[in-house]
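Below is one structure, written out as structure tokens, with a few remarks after it.
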Amino acid sequence: MSIGKKLVLVAVALAMVAGTAFAQKTFRIGVTLYDRDQFISSLEQAILEAAKKYPNVVVDSQDAKQDVNQQMAQVDVFATKKYDAIIVNLINTDTVETIIQRARGIPVIFVNRRPRDAVIDGVKTAYVGSQEFDAGRMQGEFLAQFFKGKTELRYVLFMGQLGLENTNERTRGVKETLQKAGFKLTKVYEDTAEWDRWKAMNQMQQLLGTGKQFDVVICNNDEMALGAIEAMKALKMDLKKIPVVGIDATPPAKEAVKKGEMAMTVFQNAKAQGAVALEFALKAAQGQKIEKFGWVPFEPVTIENVSKY
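Printed below as a string of structure tokens:
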């Protein structure tokens with residue numbers, strides 16, 4: 067069975083939780099997002115689209131603008147208004163316990179940024195996302211084939227926000243995969259650009275100004291990859307010889323893959339994550355048992371298959 071069919075079946079199965087009580091009650095779902103970047107905006111849209119299936123579901127979606135205090139305040143408002151469930155896209159995973167406490171018993175579904183497993187009970191809390199290590203592994207597998215025959219890779223790495231599981235596992239995944247494939251990894255530059263295109267572009271411009279040589283640019287997300295590409299294009303560097311790889315398969319990244327500017331990306335299914343998060347929230351709001359984790363698989367995207375996405 068294909069991944070797409072499996073995801074459809076998951077959504078259908080979850081949708082079946084809506085019984086007589088569901089039909090009679092209006093459910094209010096609060097959503098707090100770390101920011102509205104390219105990927106998270108797609109995730110938000112997916113939640114809103116999934117909610118349209120239910121005429122008695124109201125979604126209140128808020129942008130915390132990367133401000134922890136603002137995210138806490140949004141949760142406080144949702145709790146004060148006695149919403150039926152809250153979907154949280156974390157800014158900082160250290161705030162998980164406080165968010166659950168401030169929800170005052172309202173079910174909390176975390177999405178895309180994974181909290182510590184200890185706080186997930188499958189009753190009032192759950193997590194929907196993808197196995198982050200796999201995204202890095204897929205980058206590593208692609209690069210191992212790309213550089214087949216080489217023994218050393220001089221790399222540049224742009225990481226996401228430090229301390230997040232997304233950042234840690236994507237980074238670990240690509241490094242371990244390349245090392246297991248027999249490559250010696252030599253760091254030319256490694257730092258956080260905090261998921262941001264312009265920060266990555268500025269850092270890459272500074273690096274290029276030093277004249278240091280490197281073989282590959284690895285990025286924890288597409289936005290940073292696109293920023294690095296802009297800096298490299300300005301110096302007319304050969305992007306077919308020095309591959310840049312990202313994660314998310316956002317629309318601009320897919321265009322870059324088609325043009326041969328981005329060597330590959332990894333599809334993170336925002337639509338599926340958003341839909342499953344909404345269904346988990348509705349099920350929890352009715353007091354029904356939910357799965358602790360709703361996993362949505364990553365998929366590698368290259369010039370050979372980008373048209374399918």
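Every letter in the sequence shown is one number past the one before it in this note's numbering, and letter 143, counting from 1, is 209.
Heads up, the beta-carbon is just placed ideally off N, CA and C, and yes, glycines get one too.
These figures come from a predicted structure and were not determined experimentally.
- Query: Apart from the five residues just before and just after residue 149, which ones in its own chain have a Cβ nearer than 8 Å to its Cβ?
  - Reply: Around residue 149: 94, 95, 96, 126, 172.
- Message: Classify residue 121: buried if its beta carbon has 16 or more other beta carbons within 10 angstroms, exposed otherwise.
- Response: exposed
- residue 346 and residue 175 closer than 7 Å at C-beta: Closer than 7 Å, so yes.
- Query: Got a sec, what are the start and stop residues for the beta strand (DSSP E) residue 252 sits in?
  - Reply: That run of the beta strand (DSSP E) goes 250-258.
- Could you have a look at residue 275 and say whether DSSP puts it in helix, strand or coil? helix
- Query: What do you reckon, are the CB atoms on residue 288 and residue 262 nearer than 7 Å?
  - Reply: no
- Message: Using a Cβ-Cβ cutoff of less than 8 Å, which residues in the same chain neighbour residue 199 once the five nearest sequence positions on both sides are dropped?
- Response: 235, 236, 238, 239
- Message: If I measure Cβ to Cβ from residue 306 and keep anything under 7 Å in the same chain, skipping five residues before and after, which residues do I get?
- Response: 326
- Per-residue burial, residue 196 [other beta carbons within 10 Å of its own, 16 or more giving buried]: buried
- When the Cα atoms are used, what is the spatial distance from residue 366 to residue 316? Rounded to the nearest angstrom, the gap between the Cα atoms of residue 366 and residue 316 is 13 Å.
- Query: Rounded C-beta distance between residue 280 and residue 310? I'm assuming under 8 Å.
  - Reply: The pair is not a contact, with the Cβ atoms about 11 Å apart (cut-off 8 Å).
- Who are the Cβ neighbours of residue 133 in its own chain at under 8 Å, not counting the five residues just before and after it? Here residue 133 has 157 as same chain residues with Cβ atoms under 8 Å from its own Cβ, once five neighbours each way along the sequence are excluded.
- Task: Return the CA-CA distance between residue 323 and residue 337, expressed in angstroms with no decimal places.
- Result: 21 Å
- Query: residue 275: buried (16+ other C-beta within 10 angstroms of its C-beta) or exposed?
  - Reply: exposed
- Task: Per DSSP, which residues does residue 127 bridge with? Please list them.
- Result: 97
- Return the CA-CA distance between residue 142 and residue 136, expressed in angstroms with no decimal places. 10 Å
- Going along the chain, which residues of its own chain have a beta-carbon closer than 6 Å to the beta-carbon of residue 205, five neighbours each way excluded? 240, 311
- Message: Would residue 153 and residue 351 be called neighbours here (beta carbons separated by less than 7 Å)?
- Response: no
- Message: Give me the residue from 188, 231, 219, 100 with the minimum Cα distance to residue 354.
- Response: 188
- Same chain, Cβ closer than 6 Å to residue 356, five either side skipped, listed in chain order: 188, 192, 346, 349, 350
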